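Residue numbers (this note's numbering): 2 to 364.
Glycine is no exception: its CB is placed at the ideal position from the N, C-alpha and C atoms.
These numbers were taken from a predicted model, which means no experiment stands behind them.
Working notes, beginning with the structure itself.
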């Protein structure tokens, strides 16, 4: 038996990077709500009480950027007063011309990856699935617990036996809190209310380690404890480091930006390769050039879990899926204000998102 370990992390909505992701996606949703063809790449950075909203917008939508940013902070649970600096320009005419040609072209060049695995029911890698569900549960518990505050992180180390998840070795949870709770009380509460309801008992044994606020007290959090910027949590947003990432973030970008839409489609393809029983694990890479509608290359790897060769799988994929930008947007119905739904707890493996839908593959 070959034993191995893999670790992934996630964060809650109060983490300063995720605050900025949610501001960006809230702006995008408002733009698309008014103008489905909006071209948006408006991001945010935050430190202490200062929010910088910046980027490019090509839209007829009328957007109150400051009001959206402040609303996001309030809804997350931060009650401090914030000041907003705005620097948003119209999208470059050269980029707009390249993208909005006779056939819709990719909004940028780049490489995107999709991945799926039979590790879990939602076809996600085990460690990131656990970490995301713990972050979501921590958020839920925090909103009904007076001594918990918005900022938080989770981390799970999974032990694999011959490539199959066998147990959880370590759970790390760091959560912001008020000053009137001891670390011992906090540890017991988080294990009881967050960890045990989420992790299947079959993966926990007497050697599983629970590290709750291992650095000690965590009273100062959010932008007051760290800075934040849109797009810095790409591993959290995707596969927890278990699969490659092309480097481009998702939040703030409209669906003509293939960093987002093609990554979603690549997950859609991989998910359905596994869901249709063609492989146990599937990794897909796709590459685009700015202004060009169709991908430059498509590559697939199944790590010995398929009876089909990689070349045969690429042929099957090309017969069943269309990677042109306009087709991706149409098939997944991406010109809708759905993006704040994706901001937290990972963009993949969650019910209700169109790239998580089942599609029958014809051989």
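For residue 40, the residue or residues it bridges with in DSSP: Numbered from 1 along the chain shown, position 39 holds the residue referred to as residue 40. In the DSSP output, where bridge partners are listed per residue, residue 40 has 59.
Per-residue burial, residue 87 [other beta carbons within 10 Å of its own, 16 or more giving buried]: Working through the chain shown from its first residue, we reach residue 87 at position 86. Classification for residue 87: exposed.
The alpha helix (DSSP H) enclosing residue 28, as first and last residue numbers: Indexing the chain shown from 1 puts residue 28 at position 27. That run of the alpha helix (DSSP H) goes 17 to 35.
Contacts around residue 182, its chain only, beta-carbon distance under 6 Å, and the 5 residues preceding and following it disregarded: Start at 1 with the first residue of the chain shown, and residue 182 comes out as number 181. The residues are 148.
Contacting residues, own chain, Cβ-Cβ under 6 Å from residue 143 (five flanking each side not counted): Position 142 of the chain shown holds residue 143. 149, listed in sequence order.
Inside the region 194 to 242 only - beta strand (DSSP E) runs reaching at least 3 residues: 210 to 213
Beta-carbon separation (whole angstroms), residue 324 vs residue 287, contact threshold 8 Å: Counting from one through the chain shown, the residue named residue 324 turns up at place 323. Counting from one through the chain shown, the residue named residue 287 turns up at place 286. The beta-carbon separation of residue 324 and residue 287, rounded to 6 Å, stays under the 8 Å limit for a contact.
Within 8 Å, strictly: CB atoms of residue 92 and residue 291: Residue 92 sits at position 91 when you count from the first residue of the chain shown. Residue 291 sits at position 290 when you count from the first residue of the chain shown. The answer is no: Cβ separation not under 8 Å.
Contact test: residue 153 Cβ vs the ligand HEM heavy atom, cutoff 7 Å: For the ligand HEM, the structure offers nothing, since it holds no ligand at all.
For residue 238, the nearest candidate out of 307, 19, 177 (CA to CA): Here the question's residue 238 lines up with position 237 in the chain shown. Measuring from the Cα of residue 238, the nearest candidate turns out to be 19.
Cβ distance (whole Å) where residue 33 is taken to contact residue 255 below 8 Å: The sequence position of residue 33 within the chain shown is 32, counting from 1. The sequence position of residue 255 within the chain shown is 254, counting from 1. Rounded, the Cβ-Cβ distance is 7 Å, consistent with contact.
Three-state class that DSSP yields for residue 355 in the structure shown: Against the chain shown, residue 355 aligns to sequence position 354. In the structure shown, residue 355 falls within a helical segment according to DSSP collapsed to helix, strand and coil.
Cβ neighbours of residue 264 in the same chain (closer than 6 Å, five flanking residues each side left out): Within the chain shown, numbered from 1, the residue matching residue 264 stands at position 263. 113.
Residue 75 classed as buried or exposed, judged by whether at least 16 other C-beta atoms fall within 10 angstroms: By one-based count along the chain shown, residue 75 stands at place 74. Per the 10 Å Cβ criterion, exposed.
Buried or exposed by the 16-neighbour rule on C-beta atoms within 10 Å, applied to residue 359: Against the chain shown, residue 359 aligns to sequence position 358. So residue 359 counts as exposed.
Cα-Cα separation, residue 82 to residue 49: Locating residue 82 in the chain shown gives position 81, where the first residue counts as 1. Locating residue 49 in the chain shown gives position 48, where the first residue counts as 1. So the alpha carbons of these two residues sit roughly 10 Å apart.
Three-way DSSP call (helix, strand, coil) for residue 250 in this model: Numbered from 1 along the chain shown, position 249 holds the residue referred to as residue 250. Here residue 250 sits in coil by DSSP.
Buried or exposed (CB count within 10 angstroms, at least 16 for buried), residue 125: Translated into the one-based positions of the chain shown, residue 125 becomes position 124. Buried, by the Cβ-count rule.
Alpha-carbon to alpha-carbon, residue 350 and residue 117: As a first step, residue 117 must be located in the chain shown, where it is residue number 116. As a first step, residue 350 must be located in the chain shown, where it is residue number 349. Distance between the alpha carbons of residue 117 and residue 350: 9 Å.
6 Å Cβ shell around residue 268 - same chain, five flanking residues per side excluded: Mapped onto the chain shown, residue 268 falls at position 267. Closer than 6 Å at the Cβ level, and outside the excluded window around residue 268, lie 115, 349, 356.
Sub-8 Å separation of residue 340 and residue 36 beta-carbons: Reading the chain shown from its first residue, position 339 is the one you call residue 340. Reading the chain shown from its first residue, position 35 is the one you call residue 36. No, Cβ-Cβ distance for residue 340 and residue 36 is not below 8 Å.
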